[in-house]
Structure formats: C-alpha cells, structure tokens
Amino acid sequence: GIVDGTTMAAALALGADAVWCGSRFLASLEAEAHDAYKARVQAADVGDTAILSIYGPEWPDQPMRAIVNDGARAALGREAEATKDAEGRLIGSTVLNGQTIPVPRYSAILPTPDFDGDIEQACLTAGQSAGNIDEILPAGEIVRRMTAEAKSVLRRLAGMVEAA
C-alpha cells in the first residue's frame, strides 16, 4: 500500500518503475466517492480490511479487499450462505449513466456521491494502507507531499550508499 512518500521511495528503491496509490487517491477531494465512504477510509485502522468474495452479482466469487463494515462483518466466515441470504435485498440506490438503479446487498457497485442508502452495507473497497491515511486532501497536494517526501528519502538513501 503506497500512501506517502516513504512507501513510494521504498517501492522505487526496490526496483519499481511506478507505484499505484488507489486508496490514497480514493481519500482525495476529487474522488468520485461518497463522502461517507471517504470518511470510512480515513477512519480505518490497518487491520480494518479483509479479502472477501461476497461482492457480486456483478463479479461473482471475485475476491477483493474491502473495509469490514456491518455488511462484511455479517458475512465473514459464511460468505456463501450470506450471499444467498442477501438475494433480492436492496441497500439503496445510485445513479449510473443518468438512471437511478437499485443497489442490491453485496453489490460490487461502489458508493459514489449519488449513492443513497446504507453505507454500512455497501462494498467499500480499500487497501490495508487505508489505516495510514489521516486526512482527505486535494489530489494535487497528495502528489506534492508524496513527491517531496520520496525525493527526501531517496536522497538520504543515496547518501547512505555513497558513504558505504
């Protein structure tokens, strides 16, 4: 999980050509995510996510890491039974392509700003690194901070190598 310049520098120092910062940019002002979803990412601790395969019917049996909310907690250890019990149950609605559509329980449709429903039952994908996200920032500020911090760390690493 890359959420700051230190973790970015670590990945680059280990040979990565680039980094993926999904959860970090999910918690940005510009992200098309529901404010309650962003708040859950910001409030998450490192151990508050789990790999679950309950989310579908759009992607049946597709494992994904998500924040353990009430809906996920109810399915832990009994995923097949939970998804069967959820058939036909709705948790709210959202707008897709200009149309309001129902959102079934354990749907993989992520809560956008148009989501109107129970966020505690919604799919809230996020990486383990969500536990290291402390604030919702503009995307440009995230990039500026990460870049400055990564450059600083890489300069220190380069100095250590030269000194050795």
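Residues 339 to 502, numbered by the numbering used here, are exactly what the sequence shown covers, in order. Don't be surprised by glycine CBs; every beta carbon is placed ideally from N, CA and C.
query                                                                                                                                                         : result
Taking the Cβ atom as the reference point for each residue, do S431 and G339 lie within a distance shorter than 7 Å?                                          : no
Return the first residue and the last residue of the beta strand (DSSP E) that I392 is part of.                                                               : It is not in any beta strand (DSSP E) - I392 carries neither H nor E in the DSSP assignment.
For K376, which residues of its own chain have a beta-carbon under 6 Å away from its beta-carbon, when the five flanking residues on both sides are left out? : A365 and I474
Is there a Cβ of chain B sitting closer than 7 Å to that of G409, yes or no?                                                                                  : Looking at the structure shown, chain B is missing, and only one protein chain is on hand.
Under the rule that 16 or more other beta-carbon atoms within 10 Å means buried, what is I457, buried or exposed?                                             : buried
Would you call the region 443-450 and the region 493-501 touching, i.e. three or more CB-CB distances under 8 Å?                                              : no
Could you check where the beta strand (DSSP E) with L414 kicks off and where it finishes?                                                                     : Here L414 belongs to no beta strand (DSSP E), and DSSP marks it neither H nor E.
Mapping the DSSP letters down to three states, classify I405 as helix, strand or coil.                                                                        : strand
Tell me the rounded alpha-carbon separation between Q459 and E500.                                                                                            : 53 Å
Going by DSSP in three states, V491 sits in which element: helix, strand or coil?                                                                             : helix
Using DSSP with H/G/I as helix, E/B as strand and the rest coil, what is A430?                                                                                : Going by the sequence as given, residue 430 is Gly instead of Ala. G430 falls in the strand class under three-state DSSP.
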